[in-house]
Amino acid sequence: MSDLHDLTVAQLATKLRAREVSAVEVAQHFLARGARHDALGAYLATNEEVTLAQARAADARLAAGETAPLLGVPIAHKDIFVTTDFPSTAGSRMLEGYRSPFDSTIVTRLKGAGAVTLGKLNCDEFAMGSSNENSAFKPALNPWDTTRIPGGSSGGSAVAVAARLTPAATGTDTGGSIRQPASFCGITGIKPTYGRASRYGMIAFASSLDQAGPMARTAEDCALLLSAMCGPDPDRDSTSLDLPAEDFSRCLNDSLAGLRIGVSKDFFGKGLAPNVRTALDAALAQYVKLGARLIEISLPRTELSIPVYYIIAPAEASSNLSRFDGVKFGHRAGKYADLTEMYKKTRAEGFGDEVKRRIMIGTYVLSHGYYDAYYLQAQKIRRLIADDFQQAFKQCDVIAGPVAPSVAWKLGEKSNDPLANYLSDIYTLPASLAGLPCMSVPAGFGTGGMPVGLQLIANHLQEARLLNVAHRLQQATDWHQKTPEGLR
Ligand code: GLN
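Note that the working numbering has the sequence shown beginning at 51, numbered continuously upward.
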């Protein structure tokens, strides 16, 4: 028998249902493996007692003949989802040790589907970052080369899945935080259409962009998890779409014959590292073998997505983060003379540099006199970027491109250069601004043997199609099956 950690979510769920292994055995295996590889910095919190109690409950449901799709399958959550069973920090000192009185909807849904929680995963503070180095607690290390970053902000999620410390994890994606770490760590991750997944209990960064999604080794697993995660939540998230839950696995095996894949020169221009381009070309050639056609499309405002996102996201963040005032949640300064000083000291102590930078940018672009010049302009260009995608989807069914301009960089390489981090988001931001479903699929390896991800983008609500396109590639290639050496 292969090791339990080599099994996919789908394989584990089948074995559990057949009672070939118990949920407790599976949970124990992953807890031990997580502890053995603690130096990777993937987890911020684990609790054996809590996990094993959930596993025992899953075993009881299995024994009673229940067939919930994820019954007994372990999962770990990005520490941006609030949970009653574990602390919820968003990677910030501000929320160190914070306990939520409720579970986020995503966690509730996954528990309902039978998943067993292994713990909470490291991330950039309030999901702001591209390297996980903005975590207030510790960096997470890329299991393919521990001198490199795993990407961010869902860095801990990508590390945990790539190192097989969990079969799957949740992540959130505001401007690329599922896709980019998935790409850098050689795993699969999908951000659904904005509004598919409830944001209730997801600690807010930029509310018009934030969206939850699964990260796993295969598209098949992502489809299973996404089906459990999505669905309307009208009483708790007014932006959740009023659409019934869907089975996103339903067309995984559909043929790709005649599929029109849009390829934009705006995504394959001068900023893209040649080693990444070579890997992506090989993946595109595979699609042609599978019967797809490559169609040239244009996304002319790709470059503008950086200034637009880095105005809108900080604007929304500055508003969302005003709730951390030392009164309602988390940290409060120890000594202060009056209320104003309490606010100031609390926020100065609780937030890290990047968060403060974004609050200042956001407050500035929303202030009188600059609102029209920056925020309103950005909103208008956001609409044009979304329109460009609609033009493109008249010619093609899905769009393929890079996730990031390079493979994962070295720890520390860009940590003092916020602009360099922002620029590396160029290929993930457009789909986020347009609210489109998009994913990263392993597409081989580049410089230093580091993984390269192919980004796939579909029109709104086309997740099932997107996952089909990813799954067929994974049936024809073995890039997603490779494991970092030394982690067998
Ligand atoms: N890297 C982007 C940022 O720093 C995206 C983060 C995210 O998607 N949460 O804002």
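No residue lacks a Cβ here, since even glycine has one placed at the ideal position from N, Cα and C.
Just to confirm my understanding: we take residue i, look at its own chain, exclude 5 residues before and 5 after, and list those with CB closer than 8 angstroms. What are they?
{"i": "Thr58", "result": "Pro217, Ala266, Arg267, Thr268, Glu270 and Asp271"}
{"i": "Gly164", "result": "Ala108, Arg111, Glu116, Ala118, Pro119, Leu120, Leu121, Gly122 and Val123"}
{"i": "Phe401", "result": "Ser142, Arg143, Met144, Glu175, Leu371, Phe374 and Ile409"}
Let me know if residue i comes out buried or exposed under the rule of 16 or more other beta-carbons within 10 Å of its beta-carbon.
{"i": "Met51", "result": "Here the model assigns Met51 a pLDDT of 43, short of 50, so the residue's position is not dependable, and the following value carries that caveat. Answer is exposed; the Cβ neighbour count stays below 16."}
{"i": "Asn182", "result": "buried"}
{"i": "Leu434", "result": "exposed"}
{"i": "Val377", "result": "exposed"}
{"i": "Gln441", "result": "exposed"}
{"i": "Glu535", "result": "exposed"}
{"i": "Pro468", "result": "buried"}
{"i": "Asn192", "result": "buried"}
{"i": "Phe80", "result": "buried"}
{"i": "His521", "result": "buried"}
{"i": "Arg69", "result": "exposed"}
{"i": "Asp53", "result": "exposed"}
{"i": "Lys444", "result": "exposed"}
{"i": "Arg149", "result": "exposed"}
{"i": "Thr197", "result": "exposed"}
{"i": "Glu366", "result": "buried"}
{"i": "Glu391", "result": "exposed"}
{"i": "Trp529", "result": "buried"}
{"i": "Arg159", "result": "buried"}
{"i": "Ala126", "result": "buried"}
{"i": "Thr64", "result": "exposed"}
Could you have a look at residue i and say whether DSSP puts it in helix, strand or coil?
{"i": "Val74", "result": "helix"}
{"i": "Ala481", "result": "helix"}
{"i": "Gly239", "result": "strand"}
{"i": "Ile476", "result": "coil"}
{"i": "Gly400", "result": "helix"}
{"i": "Ile125", "result": "strand"}
{"i": "Ser154", "result": "coil"}
{"i": "Lys460", "result": "strand"}
{"i": "Ile435", "result": "helix"}
{"i": "Gly206", "result": "helix"}
{"i": "Pro350", "result": "coil"}
{"i": "Met51", "result": "At Met51 the pLDDT is 43, less than 50, meaning the model places this residue with poor confidence and gives no usable figure here."}
{"i": "Ala526", "result": "helix"}
{"i": "Ala218", "result": "strand"}
{"i": "Arg67", "result": "helix"}
{"i": "Gly412", "result": "helix"}
{"i": "Pro452", "result": "strand"}
{"i": "Gly312", "result": "strand"}
{"i": "Cys272", "result": "helix"}
{"i": "Ala514", "result": "helix"}
Verify whether the separation of the beta carbon atoms of residue i and residue j is less than 8 angstroms.
{"i": "Cys173", "j": "Gly147", "result": "no"}
{"i": "Pro124", "j": "Val76", "result": "yes"}
{"i": "Ser258", "j": "Arg249", "result": "no"}
{"i": "Gly221", "j": "Lys128", "result": "yes"}
{"i": "Phe255", "j": "Phe379", "result": "no"}
{"i": "Asn466", "j": "Ser180", "result": "no"}
{"i": "Ser277", "j": "Ser299", "result": "yes"}
{"i": "Asp375", "j": "Tyr386", "result": "no"}
{"i": "Gly494", "j": "Ala332", "result": "yes"}
{"i": "Leu302", "j": "Leu517", "result": "yes"}
{"i": "Pro452", "j": "Val326", "result": "yes"}
{"i": "Asp223", "j": "Ser482", "result": "yes"}
{"i": "Thr352", "j": "Ile476", "result": "yes"}
{"i": "Leu523", "j": "Tyr244", "result": "no"}
{"i": "Ala363", "j": "Gly496", "result": "no"}
{"i": "Val100", "j": "Asp135", "result": "yes"}
{"i": "Ala213", "j": "Leu334", "result": "no"}
{"i": "Asn97", "j": "Gly202", "result": "no"}
{"i": "Pro242", "j": "Gln230", "result": "no"}
{"i": "Ala323", "j": "Pro455", "result": "yes"}
{"i": "Ile431", "j": "Leu354", "result": "yes"}
{"i": "Val502", "j": "Met178", "result": "no"}
Using a Cβ-Cβ cut-off of 6 angstroms (strictly less than) and excluding sequence neighbours within five positions of residue i, which residues of its own chain qualify?
{"i": "Met500", "result": "Trp194, Val457 and Ala458"}
{"i": "Tyr424", "result": "Ile361 and Val415"}
{"i": "Ala508", "result": "Val448, Pro487, Arg515 and Leu516"}
{"i": "Gly312", "result": "Ile345, Ile347, Ala442, Cys446 and Ile449"}
{"i": "Arg343", "result": "Arg310"}
{"i": "Leu306", "result": "Leu340, Gly341, Ala342 and Arg522"}
{"i": "Gln427", "result": "none"}
Is residue i near the ligand MG, judged by its Cβ being under 7 angstroms from some heavy atom?
{"i": "Ala363", "result": "As far as ligands go, the structure on display features the ligand GLN and does not contain the ligand MG."}
Give every residue of the same chain whose Cβ lies closer than 7 angstroms to the Cβ of residue i, excluding the five residues on either side of it in the sequence, and list them in chain order.
{"i": "Ala484", "result": "Ile435, Ala436 and Phe439"}
{"i": "Ala190", "result": "Leu90, Gly91, Ala92, Asn172, Asn182, Pro200, Gly205, Gly206 and Val209"}
{"i": "Thr139", "result": "Leu94, Asp129, Leu145, Glu146 and Tyr148"}
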